[in-house]
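The structure appears right after this line, and notes come after that.
Below you can see the structure in the form of structure tokens.
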């Protein structure tokens, strides 16, 4: 995952979608399917935060994702072009997906990734049609936990 630091946080070569306040960072090499996965998640009800470049900032002990203004509300659909999307301004990152590594375990161990000094859960790529649906349910579960805590 490439990143560039600036005074306001770190910009990652990653996409991000959100379901409610819960954000999912999608990482992987160029051409790995970050935008395609984001589009599938959006079809299930997630909202686009950022495509291809995600700004991550720390605030109040959490990681927050947003989009550089120059690309806000735009997502690439391979073979179609750049599409408009109603973006969510920012989301609290609750997990990251690594499309470069494939999950081999049926019930995988808990993994994490450190971004800007904060650990968040890491989910490895699972080829197949149910992966996007599983990620949506994961985000719903995170939103449910937040509602019960507050």
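Residue numbers (the numbering used here): 2 to 151. Every residue, glycine too, gets a C-beta built ideally from N, C-alpha and C.
Rounded Cβ spacing between residue i and residue j (contact assumed at less than 8 Å)
i	j	result
residue 98	residue 28	7 Å
residue 48	residue 87	7 Å
CA-to-CA distance, residue j to residue i, given in whole angstroms
i	j	result
residue 103	residue 126	5 Å
residue 40	residue 78	8 Å
residue 91	residue 105	32 Å
residue 25	residue 82	23 Å
residue 76	residue 15	12 Å
residue 1	residue 84	Nothing can be reported for residue 1: it is not among the residues displayed for the chain, which extend from 2 to 151.
residue 68	residue 45	21 Å
residue 64	residue 32	26 Å
residue 130	residue 37	12 Å
Residue i, DSSP secondary structure in three states
i	result
residue 39	helix
residue 44	helix
residue 23	strand
residue 77	strand
residue 86	coil
residue 113	strand
residue 10	strand
For residue i: DSSP bridge partner residues
i	result
residue 58	65
residue 96	25
residue 1	Any answer about residue 1 is impossible in this case: the structure gives the chain only from 2 up to 151.
residue 51	17
residue 91	67
Using 8 Å as the cut-off, can you tell me whether the region 57 to 64 makes contact with the region 112 to 123, which would need three or more C-beta pairs spanning the two stretches below that distance? Short answer: they touch.
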